[in-house]
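J.:
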RNA sequence: CGAGGUGUAGCGCAGUUUGGUAGCGCGUUUGGUUCGGGACCAAAAGGUCGCAGGUUCAAAUCCUGUCACCUCGACCA
């Protein structure tokens, strides 16, 4: 008891998820040193460990963007007010959350400059200069940058005033091509979410109420967090000729006619890190999917002062690195082994390799896998391959756990009573008449919004869950971040 | 923007009700003993109490104002 009390003094505890999920999230964020609060309202600082995760995500996405024919560019962060105002719906959507630059040094500017909340307007402006003929199309550009939205309330990774993301912007000669691009990129997001981040997602189209300001159609991938709330993890928009008309992006077609381009945009952000935390995290902290874990395996010398232990660890470190694994040898002699166990479990390192005198005598190591918190003994011989297999299995297990959780908390509903019940803890799958009024009613009654209309539209009923009229679409409702 | 909360050492907090010139834990530094699940002992360094006014012989404490951050809502990736 006395010992327990004493522990409380220096051990920081994570609030259990079922006590206060929100507090659990905040605790994990702080203790893992992914990011820190900054002196600027609503803006976070990404610390090395958090940024390393982002770099891994960037690398995975970027190679897929390149593979699908996109090129990276860099646009200015400031947008003249007049440019922003050209597309009415877009302005209306973003105006409340734009930060403005009004002075250059001590001089007041003749025209205010918006700190970009997103870059459609600047891309459009440039595209209108760059496109002349059908031969110039398509143009498929992407940029990695940060954007700023003056959010009313912020949370690290999930919603910050400034956030890091990529925004792809493409223009095409035909509506068909633009639609294909929109769906191709949504599929890239799905594939990365599931195969890289181990996040099961629902792909579908947003309702008009929920779509992007200025888009003809918005598609999203939606993930479920451990509190049953939905997180929009990525979006892909088809603008049709909407922006092209506002920004005058025209080209001469093969037939010699002037036509407007068809445009898309798509983005994912550092919010994905929030999704990883809230999908996979547990009472001990993070559980990182192996593909994006900055450290895939940590080597821990046990009784490091005993002869041969440290040397064996160093040798193993080199071997595993040479095999292409991201490994770290934790040879700190300032903290105990027990401290290190907890430290790396908190940080979500998928695999821990314990190397102690007893292991070495037997030519084995003790392996701890973070996803199951289980220890197994493996031979030193051929360890690199064994770890690779283990990492693949950890990914699979994380994904399946998350999927089982989501599926358990997803239910079909046929009336408002059921819907109200289900959205308290998860996703409600329902038929919907397509009217804005019904979405508003559901929002007002249950604080739930439509997430998306999945591509698989196999009907589960004939009438709208809300008004009882003829249903048009199958759609998910949930409380959302 | 509404409701609540918090600003005191690097971090977490006590002290504020009842004014008397700042304390605890962790961490840090040094030395020693430990080392297979968050080690122990000893010594040491470290604070104009968010900021600005006011009241008072005296303010972390009372009053006024102000700024920032957090949480929960409403709106958004």
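Residue numbers (this note's numbering): 895 to 1375.
For every residue, glycine included, the Cβ atom is placed at its ideal position computed from N, Cα and C.
Bear in mind the structure is a predicted one, so any value in this text is a computation, not a measurement.
1. Identify the continuous beta strand (DSSP E) that holds residue 1112 and give its terminal residues.
2. Mind checking whether residue 1190 and residue 1226 have CB atoms under 8 Å apart?
3. What did DSSP end up calling residue 916 once you bin it into helix, strand or coil?
4. Going by DSSP, what residues sit across from residue 1144 in a beta bridge?
5. DSSP three-state call for residue 1335: helix, strand or coil?
6. Hey, would you say residue 932 sits closer than 8 Å to residue 938, going by beta carbons?
7. Taking the C-alpha atoms as reference points, what is the distance between residue 1132 and residue 984?
8. When you compare only the Cα positions, how much space is there between residue 945 and residue 1364?
9. Could you tell me the alpha carbon to alpha carbon distance between residue 1109 and residue 1031, rounded to whole angstroms?
10. Quick check: the Cα distance between residue 1375 and residue 972, rounded to an integer number of angstroms?
11. Taking the alpha carbon of residue 1125 as the reference point, which residue from 1028, 1096, 1079 and 1241 has its own alpha carbon closest?
12. Who are the Cβ neighbours of residue 927 in its own chain at under 7 Å, not counting the five residues just before and after it?
13. Roughly how many angstroms lie between the CA atoms of residue 1370 and residue 993, to the nearest whole one?
14. Where in the segment 928 to 976 do unbroken runs of the alpha helix (DSSP H), each at least 4 residues long, occur, reported from the N-terminal end onward?
15. What does the Cβ neighbour count give for residue 1241, buried or exposed, with the cut at 16 atoms within 10 Å?
16. Quick test of your reading: residue 1103 and residue 1112, contact by CB under 8 Å. State the CB separation rounded to the nearest angstrom.
17. Between which residues of its own chain and residue 1214 is the CB-CB distance below 6 Å, once the five residues before and five after are set aside?
18. Here's a check: name, in chain order, each residue in its chain whose Cβ is nearer than 6 Å to the Cβ of residue 1248, leaving out the five neighbours to either side.
19. Counting only runs of 3+ residues fully inside the segment 1255 to 1293, write out the beta strand (DSSP E) ranges in chain order.
20. Looking only at its own chain, which residues have a Cβ that is under 8 Å from the Cβ of residue 1268, when we skip the five neighbours before and after it?
21. Can you name, in chain order, every residue of its own chain whose Cβ lies under 8 Å from the Cβ of residue 1123, other than the five neighbours on each side?
22. Per DSSP, residue 1061 forms a beta bridge with which residues?
23. DSSP three-state label for residue 1178, please.
24. Mind the definition here: the segment 1201 to 1209 touches the segment 1135 to 1151 only if three or more C-beta pairs lie below 8 Å; say whether that holds.
25. Cα-Cα, which of 1317, 1183 and 1014 is closest to residue 1292?
26. Compute the Euclidean distance between the alpha carbons of residue 1035 and residue 1107, then round it to the nearest angstrom.
27. If I measure Cβ to Cβ from residue 1335 and keep anything under 7 Å in the same chain, skipping five residues before and after, which residues do I get?
28. Given residue 1024, which residues of its chain have a CB within under 8 Å of its CB, disregarding the five upstream and five downstream residues?
29. Rounded to the nearest angstrom, what separates residue 1135 and residue 1105 at their Cα positions?
30. Are the segment 1072 to 1079 and the segment 1002 to 1012 touching, with three or more C-beta to C-beta distances below 8 Å?
31. Could you check the C-alpha separation between residue 1061 and residue 968 for me, to the nearest Å?
32. If I follow the unbroken alpha helix (DSSP H) through residue 1124, where does it start and stop?
33. Take residue 1048 as the anchor and find which of 1160, 935 and 1119 has the nearest alpha-carbon.
34. Got a sec, what are the start and stop residues for the alpha helix (DSSP H) residue 1023 sits in?
35. One question on the structure: do residue 1328 and residue 1294 come within less than 8 Å of each other, judged by their Cβ atoms?
T.: Put simply:
1. As a position in the first chain, residue 1112 is number 218, starting the count at 1. Its beta strand (DSSP E) spans residues 1111 to 1118.
2. Numbered from its first residue, the first chain carries residue 1190 at position 296. Numbered from its first residue, the first chain carries residue 1226 at position 332. Result no, Cβ atoms of residue 1190 and residue 1226 do not sit closer than 8 Å.
3. Residue mapping note: residue 916 aligns to position 22 of the first chain, counting from 1. Here DSSP, grouped into helix, strand and coil, assigns residue 916 to helix.
4. Within the first chain, numbered from 1, the residue matching residue 1144 stands at position 250. Partner residues in the beta bridge of residue 1144, as assigned by DSSP, are 1154.
5. In the first chain, residue 1335 corresponds to position 441, counting from 1. Reduced to three states, the DSSP call for residue 1335 is helix.
6. Here the question's residue 932 lines up with position 38 in the first chain. Here the question's residue 938 lines up with position 44 in the first chain. Yes, the Cβ-Cβ distance between residue 932 and residue 938 is below 8 Å.
7. Here residue 1132 refers to the residue found at position 238 when the first chain is read from its first residue. Here residue 984 refers to the residue found at position 90 when the first chain is read from its first residue. CA-CA distance, residue 1132 to residue 984, rounds to 14 Å.
8. As a first step, residue 945 is located in the first chain; it is residue number 51 there, counting from the start. As a first step, residue 1364 is located in the first chain; it is residue number 470 there, counting from the start. If you draw a straight line from the Cα of residue 945 to the Cα of residue 1364, it comes to about 49 Å.
9. Counting from one through the first chain, the residue named residue 1109 turns up at place 215. Counting from one through the first chain, the residue named residue 1031 turns up at place 137. Annotation: residue 1109 to residue 1031 spans about 20 Å, alpha carbon to alpha carbon.
10. Position 481 of the first chain holds residue 1375. Position 78 of the first chain holds residue 972. In a straight line, the C-alpha of residue 1375 is about 28 Å away from that of residue 972.
11. Locating residue 1125 in the first chain gives position 231, counting from the first residue. Ranking 1028, 1096, 1079 and 1241 by Cα distance to residue 1125 puts 1096 first.
12. Within the first chain, residue 927 is the residue found at index 33, counting from 1. Excluding sequence neighbours, residue 927 sits near 941 and 943.
13. The residue given as residue 1370 occupies position 476 in the first chain. The residue given as residue 993 occupies position 99 in the first chain. Distance from the CA of residue 1370 to the CA of residue 993, rounded to the nearest whole angstrom, comes to 33 Å.
14. The qualifying runs are 942 to 961.
15. For the purposes of this step, residue 1241 is identified with residue 347 of the first chain, where counting begins at 1. It counts as buried.
16. For this step, residue 1103 is matched to residue 209 along the first chain. For this step, residue 1112 is matched to residue 218 along the first chain. Contact between residue 1103 and residue 1112 is ruled out by a C-beta separation of about 11 Å, above the 8 Å threshold.
17. Looking up residue 1214 in the first chain gives position 320. The answer, listed in chain order, is 1221 and 1278.
18. For the purposes of this step, residue 1248 is taken as residue 354 along the first chain, with counting starting at 1. If you ignore the 5 residues before and after residue 1248, its C-beta comes within less than 6 Å of the C-beta of 1194, 1196 and 1260, all in its own chain and listed in chain order.
19. The segment 1255 to 1293 contains these whole beta strand (DSSP E) runs: 1258 to 1263 and 1268 to 1273.
20. As a working note, residue 1268 is residue 374 in the first chain. Contacts found: 1262.
21. In the first chain, the residue the question calls residue 1123 occupies position 229. Cβ neighbours of residue 1123 beyond the five flanking positions: 1372, 1373, 1374 and 1375.
22. As a working note, residue 1061 is residue 167 in the first chain. For residue 1061, DSSP records a beta bridge to 1037 and 1161.
23. Here the question's residue 1178 lines up with position 284 in the first chain. If DSSP states are grouped into helix, strand and coil, residue 1178 belongs with coil.
24. At 8 Å Cβ cutoff, the stretches do not touch.
25. Walking along the first chain from the start, residue 1292 turns up at place 398. With distances taken between Cα atoms, residue 1292 lies closest to 1183.
26. Within the first chain, the letter at position 141 stands for residue 1035. Within the first chain, the letter at position 213 stands for residue 1107. The alpha-carbon atoms of residue 1035 and residue 1107 are separated by roughly 20 Å.
27. Locating residue 1335 in the first chain gives position 441, where the first residue counts as 1. Only 1360 meet the Cβ criterion.
28. Within the first chain, numbered from 1, the residue matching residue 1024 stands at position 130. Counting only Cβ-Cβ distances below 8 Å, and skipping sequence neighbours, we find 1030 and 1033.
29. Position 241 of the first chain, counted from the first residue, corresponds to residue 1135. Position 211 of the first chain, counted from the first residue, corresponds to residue 1105. For the pair residue 1135 and residue 1105, the Cα-to-Cα distance works out to about 16 Å.
30. Contact check between the segment 1072 to 1079 and the segment 1002 to 1012: fewer than three CB pairs, one atom from each, fall below 8 Å, which does not count as touching.
31. Walking along the first chain from the start, residue 1061 turns up at place 167. Walking along the first chain from the start, residue 968 turns up at place 74. Each residue's CA atom was taken as its position, placing residue 1061 and residue 968 some 10 Å apart.
32. Walking along the first chain from the start, residue 1124 turns up at place 230. Residue 1124 -> not in any alpha helix (DSSP H); beta strand (DSSP E) instead, spanning 1124 to 1134.
33. Along the first chain, read from residue 1 onward, the residue named residue 1048 stands at position 154. Relative to residue 1048, the option among 1160, 935 and 1119 whose CA is nearest is 935.
34. Mapped onto the first chain, residue 1023 falls at position 129. The continuous alpha helix (DSSP H) containing residue 1023 extends over residues 1014 to 1024.
35. If you number the first chain from 1, residue 1328 lands on position 434. If you number the first chain from 1, residue 1294 lands on position 400. Against a cut-off of 8 Å, the Cβ pair of residue 1294 and residue 1328 comes out as no contact.
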